[in-house]
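Residue numbers (this note's numbering): 3 to 458.
Where is the CB? At the ideal position from N, CA and C, for every residue including glycine.
Keep in mind the model is a prediction, meaning the values are calculated, not measured.
In structure tokens, the structure reads:
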């Protein structure tokens, strides 16, 4: 983005000189001769940074800064002051100024301060946009996504949630199948009733049977009292059966009966209990393959798979990584009482280049680790786990998005100009950043491009 800087100074030469210097760095500028005019221009809402003289007639720079910060806390303001007013400038820093410079001005120092202030401003704006995106892309309190594949999943969830249909959720480990179940229940008429969850892979066949259907006292060794099962506890609500592909064949038969007849018996009892439960099942296995192997009943599969929701892996929805990372960052920064404002560009680049075999669960663990390791306001590459630090920061070494074609029949001077123009385009017109990336000074860049109208 191209930033706009407001310059407020009662000396015309300083205003116009700063405007010219900042324009050469690729910034838009606006000028005001006093604090009142500066406050009016700021009120238009298109300013990204304010540079103001401290001593001016009428509203001075300190009062202008106080008004700006009251209106927009954290907004970057750079104070200009004479040598005799350094103490006042230091006080302004305590009141919230980004930094201050003494006159006569060092333009290189000013350029560096402006660059850093606007990088921080860009991060703040990006985080604000991310938070808005999170809310727009949020289906429930936990589900976030704006990628096309995730929007299709969210659309299916929205359609199936109000119904009574059984749902089979498929997807790799860590993609968030449980969050889909949460969202379906949350958006259903059963929201006020229990959502009971059972991890079928965590229990043996005998324990799973008791967990699901309950048991009577003395039904087996250790059954010292009657116990209600999950189907009773979830009556009127939703039962989420995670890792459904792991259940024993005998349990599959009993589960099929509940789905068909809406009734069951506790282990060790002949009393039939009716139940009104919506079943949501999830698996990371291919149940059709399990049916072919004889491990899963086909009739149960069709009872469970009234509506199928395939949750995409994170590598297929990388557009969601910034939103997910921002959400996890906010959560873990609060839990660890850390004032972390965001993730820097290089760290983001590595997050987006990684293929995330552990999916969202791995991303969540990565951000939690980075928050713990971070000792500054931004998470950097060095805060990421070693697995991420070894990943190239740009996806695919063969990508040619940053390559420049240079005809071999041209002169060296023409080749230099081609590279410089490409660098300026890459940095969105910011010639200082282009010069920095090429390892040359800004004056050298301009000298090499003399009489080249393409960048004027």
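Where residue i sits in the DSSP three-state scheme
i           : result
residue 310 : strand
residue 21  : helix
residue 44  : helix
residue 93  : helix
residue 49  : coil
residue 438 : helix
residue 376 : coil
residue 217 : strand
residue 187 : helix
residue 279 : coil
residue 269 : strand
residue 341 : coil
residue 165 : coil
residue 398 : Residue confidence for residue 398 is low, a pLDDT of 37 falling below 50, so the modelled location carries little weight and cannot support an answer.
residue 446 : helix
residue 381 : strand
residue 146 : strand
residue 431 : coil
residue 64  : helix
residue 304 : helix
residue 177 : coil
residue 403 : Legend: pLDDT at residue 403 = 47, less than 50; position of this residue unreliable, value from coordinates given subsequently. The answer is coil: DSSP assigns residue 403 none of H, G, I, E or B.
residue 115 : helix
residue 236 : coil
residue 388 : helix
residue 393 : coil
residue 1   : Absent from the model: residue 1. The displayed extent of the chain is 3 to 458, so no value can be given.
residue 207 : helix
residue 212 : helix
residue 451 : coil
residue 99  : coil
residue 349 : helix
residue 419 : helix
residue 37  : helix
Classification of residue i by the beta-carbon crowding that lies within 10 angstroms, buried from 16 upward
i           : result
residue 78  : buried
residue 2   : Within the shown structure, residues of the chain are numbered from 3 to 458, placing residue 2 beyond reach of any answer.
residue 72  : exposed
residue 374 : exposed
residue 160 : exposed
residue 155 : buried
residue 222 : exposed
residue 127 : exposed
residue 248 : buried
residue 50  : buried
residue 95  : exposed
residue 179 : buried
residue 230 : exposed
residue 383 : buried
residue 191 : exposed
residue 301 : exposed
residue 255 : exposed
residue 60  : exposed
residue 226 : exposed
residue 433 : buried
residue 194 : exposed
residue 294 : exposed
residue 388 : exposed
residue 338 : exposed
residue 359 : exposed
residue 378 : exposed
Counterpart residues of residue i in DSSP-defined beta bridges
i           : result
residue 284 : 171
residue 201 : 244
residue 331 : The partner list for residue 331 (beta bridge, DSSP) is empty, contrary to what the question assumes.
residue 5   : BP columns for residue 5 are empty, so no partner.
residue 83  : 104
residue 30  : 6
residue 223 : BP columns for residue 223 are empty, so no partner.
residue 55  : 82
residue 229 : 217
residue 274 : 267
Segment contact, 8 Å Cβ cut-off, at least three pairs: the segment 206-217 with the segment 169-184: no
Validate contact between the segment 185-204 and the segment 316-334 using beta carbons, cut 8 Å, 3 pairs: no
Cβ pair count under 8 Å reaching 3, the segment 238-248 against the segment 192-204: yes
Segment contact, 8 Å Cβ cut-off, at least three pairs: the segment 24-31 with the segment 426-437: yes
Three-pair Cβ contact test at 8 Å for the segment 145-154 versus the segment 315-323: yes
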